[in-house]
Amino acid sequence: MDGPQDKYFESVVIDSSSKKPIDKEYLLNLLKFHNIDTSIVESAQIKIEDVIPYIHKAKIKLPEAFYKDLALKVNMSFVDNSRVTEIYQKEDRSKLISILPYPIISKYKVIPLEINGSIVDLAIDNPLDYRVLMTIRYLFPAWNINLTVVSSESIDWAIDKIYREIHKKNAMVDLYNRTPDQSAYRTLYPNQKYFIIGILLAITISSIIDSAVTFMILFAIISVGYFIVNPIKIFISIMGFKGSRGTTKITAGEILWTRDEDLPVYTILIPVFREASVLAQNLLNMYKLDYPRDKLDIKILMEEKDIETINEAKLLGLFGSPTKMAEGIPKEEYRQFLKLFDPVIIPNAEVTTKPRACNYGLLRAKGELCVIYDAEDKPDPNQLKKAAIVFLRSPEEVVCLQSKLGIYNADENILTKWFSIEYSHWFEFYLQGLDWIDAPIPLGGTSNHFRKKSLDELGRWDPYNVTEDADLGIRLSRKKMKTQMINTYTYEEATSTVKSYVVQRSRWYKGYLQTYLVHMRYPRKLFKDLGANKFLKLQLTFGTTVFIPLINPILWLLLGLTIILPTSFGWLIPTYLQPICLFNLLVGNLSYLLIYVIACVKLKNYRYIPYALAMPISWVLLSYAAYRGLIQLIRNPFYWDKTTHGVSKIIKQKNIQ
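FYI, in the numbering used here the residues of the sequence shown are 1061 to 1717.
Laid out in structure tokens, this is it:
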């Protein structure tokens, strides 16, 4: 068979006059000889150069003997797995790394074996792909190149060997190296410590001099602060009820008329630390996505120490032949579907957080666009298409799209109903209100869609921050990059026990406080980055969200003492502050309850209205979680207090057959 392969074999491989490519029929027979099922590659649409990659993506392992016979047929040398291992155990890897960057070696499956002057030995697993040969010649126009055949297993092992430590390090330090003052690597800078110590000393000294006046002054400041902040937050929610200026709505017709060839490659990052119980369900949720299969790059991100999840991934076929299948995916499509997945095992480190895992995965991403999904997430099937269409139509400064989040087990108990009401208010209205007033938008922890290039330029996520989503939203705003809401939903599992509810909210609060402290290290710089308008709005929205849960219990205690023992504690609330306190207590709290009720009405969740009126009970739990998060930030700032998923009594995952 003559063709472009012939020409590029002649131009790339030294002393290659006798080397001839083989035809597809011979290749299929060779595969059959090695007991490989060739049914998935017999279609005429699959060209000879795509056969080996196609089989590899389908998680079918080709034996070393096949590659040895293939090398013999095309008259090339063969290097076995043990020799590749020996080379990469002894060779100066930094020298080898300098030859080919990760995007090249991962895309074209080519690895360097040796460099000797102007001669370089390269290994490939597919000597029939002329595109690889063209790329090699383009990259090394003045080099003498020796090509060797190795197995796909050797290629994958060597790539991971080369870049494992590099990506591990970069996942941790990229943001710190770019903008150290925006990394949560240190909780407090010296100037912040001095400021906090100064405030505490001033309060202490003032209390010693006149405790009654000190308490009245503090109470007056807090009361006036609530008097200002509460109406502002209520106003933001009301503006959110009107809709968002930045929310982009993509219609079904627009999706229908978008051609698959116009859509970019999309990387999906799915961190699954201790998520073995929901992994099969996640596969089904990904199966339901309506996006060109050849343009999906789904990274299942597993921690090296999470043996249970890794073993479950192996059983489901993410590493090879499946021994069980995710229910709901047709058997005849299952092996083909597995081609979309790239299981990534993240090396152990002292810090084990979701953002570190996402950074590691993004360093290996192939897509122009990327999105994060949690393990239990159920995104709308057309979500990726909607996001891709918005990005294609939007200017480059629009780098993030936030999907709306909902709860699929809301009816389980009162906690899940409260969770659903909060999510409805936050994602349907409050974030849209923030967009309406042009305030920085703290992102949700899942279903954030990004332009990968912009995310790389920003330094990706902060691996030391336990609410990396909110932090990233503020960093986007500081860099004048835009976030928009998009009319699509992702449904996730709400925590259904008091313990898990408090654990999750503690981490959220800890991360919010961590984020606020990071960005307030240098207030003048933050002011310059955001501008006066956004700086003030950040303080009134995000800043108050950090401190209110801590202050609320103190006010409740003072109010209770004043009401129960007015003679002894009435002095705590001076007469001139009583109208403001009454306003904060009645109008402020009732307004928040009304906002939640309106959210239920707007979404036609009328039966949730009684639960919305009972929300003050949840505020007690939130304040307890806030103090728990504060203590944890002091004692163990980088600890990721994991929320366990797949435990809902309503959503029992019968997903394995």
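Don't be surprised by glycine CBs; every beta carbon is placed ideally from N, CA and C.
Close beta carbons around E1314, own chain, < 7 angstroms, minus the five adjacent residues each side: Counting from 1 along the sequence shown, the entry for residue 1314 is found at position 254. Excluding sequence neighbours, E1314 sits near I1449.
Nearest by alpha-carbon distance to K1293: which of T1704, Y1652, D1701 is it? As a working note, residue 1293 is residue 233 in the sequence shown. Among T1704, Y1652, D1701, the Cα nearest to that of K1293 is on Y1652.
Once the 5 residues before and after L1577 are set aside, which same chain residues still bring their CB inside 7 angstroms of it? Position 517 of the sequence shown, counting from 1, holds the residue named residue 1577. The answer, listed in chain order, is T1247, L1248, Q1252.
Please list, in chain order, all residues of the same chain as D1350 whose beta carbon is under 7 angstroms from its beta carbon, the five residues on each side excluded. Here residue 1350 corresponds to residue number 290 of the sequence shown, with the count starting at 1. Result list for D1350: P1441, N1442, K1445, in chain order.
By the three-class DSSP mapping on this structure, what secondary structure does K1709 have? What you label residue 1709 is simply residue 649 of the sequence shown in a count that begins at 1. Three-state DSSP puts K1709 in coil, outside helix and strand.
For a minimum of 3 consecutive residues, which ranges assigned as the beta strand (DSSP E) are wholly contained in the segment 1494 to 1572? 1508 to 1511, 1542 to 1552
Can you give the beta carbon distance from I1179 to I1159, rounded, assuming they're within the 8 angstroms contact cut? Residue numbering aside, residue 1179 sits at position 119 when the sequence shown is read from its first letter. Residue numbering aside, residue 1159 sits at position 99 when the sequence shown is read from its first letter. Contact doesn't hold; Cβ gap of about 12 angstroms is too wide.
Sort V1431, L1130, P1352, P1502 by Cα distance to T1601 and report the nearest one. Translated into the one-based positions of the sequence shown, residue 1601 becomes position 541. Answer by Cα proximity: P1502.
Between the beta-carbon of E1124 and the beta-carbon of L1188, is there less than 9 angstroms? Translated into the one-based positions of the sequence shown, residue 1124 becomes position 64. Translated into the one-based positions of the sequence shown, residue 1188 becomes position 128. Their beta carbons are not under 9 angstroms apart, which means E1124 does not touch L1188 by this criterion.
Just the Cα atoms here: how many angstroms apart are R1416 and I1269? Walking along the sequence shown from the start, residue 1416 turns up at place 356. Walking along the sequence shown from the start, residue 1269 turns up at place 209. R1416 and I1269: Cα-Cα distance of roughly 49 angstroms.
Could you give the DSSP three-state label for D1110: helix, strand or coil? Looking up residue 1110 in the sequence shown gives position 50. Reduced to three states, the DSSP call for D1110 is helix.
Opposite T1208 in the DSSP bridges: which residues? Reading the sequence shown from its first residue, position 148 is the one you call residue 1208. T1208 is bridged to S1137, A1183.
Please check the pair T1555 and D1437, which I expect to be a contact at CB under 8 angstroms, by giving their CB distance rounded to whole angstroms. Stepping through the sequence shown from its first residue, residue 1555 is reached at position 495. Stepping through the sequence shown from its first residue, residue 1437 is reached at position 377. Not confirmed; about 15 angstroms, so no contact.
From what residue to what residue does the beta strand (DSSP E) around S1463 run? Indexing the sequence shown from 1 puts residue 1463 at position 403. 1458 to 1467 is the extent of the beta strand (DSSP E) around S1463.
What does F1401 pair with, by DSSP beta-bridge criteria? Mapped onto the sequence shown, residue 1401 falls at position 341. For F1401, which the question treats as bridged, DSSP gives the partners I1358.
Excluding the 5 residues preceding and the 5 following I1184 in the sequence, name in chain order all residues of the same chain whose CB lies nearer than 7 angstroms to its CB. If you number the sequence shown from 1, residue 1184 lands on position 124. Correct list, in chain order: K1169, V1170, V1192, L1207, V1209.
For the putative contact between A1659 and F1489, defined by C-beta atoms under 8 angstroms, what is the C-beta separation to the nearest angstrom? Numbered from 1 along the sequence shown, position 599 holds the residue referred to as residue 1659. Numbered from 1 along the sequence shown, position 429 holds the residue referred to as residue 1489. That pair is a contact at about 6 angstroms.
Taking the alpha carbon of E1321 as the point to measure from, which residue in R1334, K1302, D1354 has its own alpha carbon closest? As a position in the sequence shown, residue 1321 is number 261, starting the count at 1. Of the listed residues, the one whose Cα sits closest to E1321 is D1354.
Just grab the DSSP bridge partners of L1329 for me. The residue labelled residue 1329 in the question sits at position 269 within the sequence shown. Looking at the DSSP assignment, L1329 forms a beta bridge with K1359, I1432.
Could you spell out where the beta strand (DSSP E) holding E1174 opens and where it closes? Along the sequence shown, one-based indexing puts residue 1174 at 114. Here the beta strand (DSSP E) through E1174 covers 1170 to 1176.
I'd like the span of the alpha helix (DSSP H) that includes Q1252, first residue to last. Taking the sequence shown and counting its residues from 1, one reaches residue 1252 at position 192. From DSSP, the alpha helix (DSSP H) with Q1252 extends over 1250 to 1301.
Return the chain-ordered list of same chain residues with a C-beta closer than 7 angstroms to the C-beta of G1603, the five sequence neighbours on each side being excluded. Sequence index remark: in the sequence shown, residue 1603 carries index 543 (1-based). Within the same chain, G1603 has close Cβ partners Y1576.
Does A1202 come out as helix, strand or coil in the three-state DSSP assignment? Your numbering for residue 1202 matches position 142 in the sequence shown. DSSP places A1202 in coil when its eight states are reduced to three.
DSSP three-state call for K1719: helix, strand or coil? No answer is possible for residue 1719: it lies beyond the span of the chain, which begins at 1061 and ends at 1717.
To the nearest angstrom, how far is the alpha carbon of G1285 from that of K1513? Here residue 1285 is taken as the residue at index 225 of the sequence shown, counted from 1. Here residue 1513 is taken as the residue at index 453 of the sequence shown, counted from 1. Cα to Cα, G1285 sits roughly 41 angstroms from K1513.
Which residue's Cα is closest to the Cα of S1678: I1389, Q1574, N1649? Indexing the sequence shown from 1 puts residue 1678 at position 618. Here the closest residue by C-alpha is N1649.
Please list, in chain order, all residues of the same chain as G1706 whose beta carbon is under 7 angstroms from its beta carbon, the five residues on each side excluded. Position 646 of the sequence shown holds residue 1706. Contacts found: S1337, V1338, E1436, Q1713.
What does the alpha-carbon distance come out to for the pair D1701 and Q1564? Taking the first residue of the sequence shown as position 1, residue 1701 is located at position 641. Taking the first residue of the sequence shown as position 1, residue 1564 is located at position 504. The straight-line gap from Cα to Cα measures roughly 7 angstroms.
What is the residue span of the alpha helix (DSSP H) that H1485 lies within? Start at 1 with the first residue of the sequence shown, and residue 1485 comes out as number 425. First-last of the alpha helix (DSSP H) with H1485: 1474 to 1485.
Completely contained alpha helix (DSSP H) runs for the segment 1363 to 1402, where each covers 4 or more residues: 1367 to 1375, 1391 to 1397
Quick one: what's got a C-beta closer than 7 angstroms to K1348's C-beta in the same chain, skipping five residues either side? As a first step, residue 1348 must be located in the sequence shown, where it is residue number 288. Within the same chain, K1348 has close Cβ partners P1441.
When we look at the beta-carbon of P1064 and count the other beta-carbons within 10 Å, is it buried (16 or more) or exposed? Position 4 of the sequence shown, counted from the start, is the residue given in the question as residue 1064. Only weak support exists for where P1064 lies, its pLDDT of 37 falling under 50; the coordinates are left without a value.
The alpha helix (DSSP H) with V1606 in it runs from where to where? Locating residue 1606 in the sequence shown gives position 546, counting from the first residue. Note, V1606: alpha helix (DSSP H), 1604 to 1624.
Using CA atoms only, rank isn't needed, just tell me which of S1142, P1172, I1370, I1611 is closest to W1203. Looking up residue 1203 in the sequence shown gives position 143. Nearest option by C-alpha distance: P1172.
Within a Cβ cutoff of 7 angstroms, which residues of the same chain sit near V1072, ignoring the five residues on either side of it in sequence? The residue given as residue 1072 occupies position 12 in the sequence shown. With a pLDDT of only 42 at V1072, under the threshold of 50, the placement of this residue in the model should not be trusted; the figure read from the coordinates follows. Closer than 7 angstroms at Cβ, skipping near neighbours: L1193, I1196, R1197, I1205, L1207.
Can you tell which of L1088, V1558, Y1433 has its C-alpha closest to the C-alpha of F1333? Within the sequence shown, residue 1333 is the residue found at index 273, counting from 1. When only C-alpha atoms are compared, the closest one is Y1433.
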